[in-house]
Amino acid sequence: MTTGQHRAAQPETGPQDEERLPTIAEQMADQLGGWRGLVESSIPVVVFVIANVIGDLRPAVIASISVALLIAGLRLAQRRPIRHAVNGLFGVGVGAAIAWRTGDERDFYLPGILYGIGYGIALLISAAIRQPLVGWIWSVLVAKGRSEWRDDPKLVRTFTQLTVLWGVVWLAKVGVQAGLYLAHQDTALGVARLALGYPPYALLLLITVWTVRRVTRESQPTPLPGA
Numbered sequence: 528m529t530t531g532q533h534r535a536a537q538p539e540t541g542p543q544d545e546e547r548l549p550t551i552a553e554q555m556a557d558q559l560g561g562w563r564g565l566v567e568s569s570i571p572v573v574v575f576v577i578a579n580v581i582g583d584l585r586p587a588v589i590a591s592i593s594v595a596l597l598i599a600g601l602r603l604a605q606r607r608p609i610r611h612a613v614n615g616l617f618g619v620g621v622g623a624a625i626a627w628r629t630g631d632e633r634d635f636y637l638p639g640i641l642y643g644i645g646y647g648i649a650l651l652i653s654a655a656i657r658q659p660l661v662g663w664i665w666s667v668l669v670a671k672g673r674s675e676w677r678d679d680p681k682l683v684r685t686f687t688q689l690t691v692l693w694g695v696v697w698l699a700k701v702g703v704q705a706g707l708y709l710a711h712q713d714t715a716l717g718v719a720r721l722a723l724g725y726p727p728y729a730l731l732l733l734i735t736v737w738t739v740r741r742v743t744r745e746s747q748p749t750p751l752p753g754a
């Protein structure tokens, strides 16, 4: 076989052979865990809120932890990804442990409030120092570790603006929950935890994916005719 024949047998590679970028819907579904992930991560909190309204704190804690463990166990038995279930179990477990120890039902929501404050501040600081956290998260979750966006001033500016948006929204929603916590509005705090959980997150995720994909397409050079 000649060198020319060997080269001809080699499959040509090009941009069309690269792994396609997941669609907006696919990226959102992966981060949210799909509809099942959304429902399963919310069930333990819903159980706690309802059980706490109709009963006492400790039965509510036991019920929420039991449900979270059951969900994680079912996913494990079905050999399904348990990342979202484990995250939900950890969040519920920490809050339940604090509430159980203090005997104050509102402390169930305290870890989430503190986490939200820290996350919001971290987002704004990262934007201020031109290391937007949303951009780095995009690199890990979507770009498979690549960070070429750092070399594109337009993408850096886009990720910085998106990071500020995430930080402001995060601090706003956690501010509502903190206000209810300080006012001892336990039931309203549970409702706010549910209402201000996934809906704002899903909206921010949709805005982020749509914006980055649009800016990325605009930054790509237009191919020459006949190229």
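Numbering (this note's numbering), first residue to last: 528 to 754.
Where is the CB? At the ideal position from N, CA and C, for every residue including glycine.
As the structure is a computational prediction, the values presented were derived from the model and not from experiment.
The alpha helix (DSSP H) enclosing residue i, as first and last residue numbers
{"i": "Phe686", "result": "680-709"}
{"i": "Leu722", "result": "As written in the sequence, residue 722 is Ala, which differs from the Leu given in the question. Residues 713-722."}
{"i": "Val669", "result": "From DSSP, Val669 is part of no alpha helix (DSSP H); its letter is neither H nor E."}
{"i": "Arg657", "result": "Unbroken run through Arg657: none, as it is neither H nor E."}
{"i": "Arg602", "result": "584-604"}
Residue of the options minimising C-alpha distance to residue i
{"i": "Ile652", "options": "Leu637, Arg633, Leu689", "result": "Leu689"}
{"i": "Ala710", "options": "Ser568, Arg633, Gln605", "result": "Arg633"}
{"i": "Trp676", "options": "Pro571, Val742, Pro586", "result": "Val742"}
{"i": "Ile598", "options": "Val574, Ile734, Leu730", "result": "Val574"}
{"i": "Phe686", "options": "Arg673, Ile664, Ala699", "result": "Ile664"}
{"i": "Leu721", "options": "Gln704, Leu650, Trp627", "result": "Gln704"}
{"i": "Leu616", "options": "Asp631, Gly600, Ala595, Ala604", "result": "Ala595"}
{"i": "Glu745", "options": "Leu698, Tyr642, Pro680", "result": "Pro680"}
{"i": "Leu641", "options": "Gly618, Val661, Trp627, Gly630", "result": "Gly618"}
Residue environment, residue i, which counts as buried when at least 16 other CB atoms sit within 10 Å
{"i": "Ile648", "result": "exposed"}
{"i": "Val695", "result": "exposed"}
{"i": "Glu567", "result": "buried"}
{"i": "Ala623", "result": "buried"}
{"i": "Arg602", "result": "buried"}
{"i": "Gly600", "result": "exposed"}
{"i": "Leu707", "result": "buried"}
Straight-line gap, residue i to residue j (C-alpha atoms, nearest Å)
{"i": "Ile551", "j": "Ala590", "result": "For Ile551, the pLDDT reaches just 49, beneath the cut-off of 50, and the residue's location in the model is therefore unreliable, although a value from the coordinates is still provided. Approximately 36 Å, taken between the alpha carbons."}
{"i": "Val736", "j": "Ile625", "result": "36 Å"}
{"i": "Arg584", "j": "Ala578", "result": "The amino acid at residue 584 is misidentified as Arg; the sequence shows Leu. Whole-angstrom Cα-Cα distance: 8 Å."}
{"i": "Val739", "j": "Leu682", "result": "8 Å"}
{"i": "Val572", "j": "Leu692", "result": "27 Å"}
{"i": "Leu650", "j": "Ala699", "result": "13 Å"}
{"i": "Gly643", "j": "Tyr728", "result": "12 Å"}
Three-pair Cβ contact test at 8 Å for the segment 635-644 versus the segment 699-719
yes
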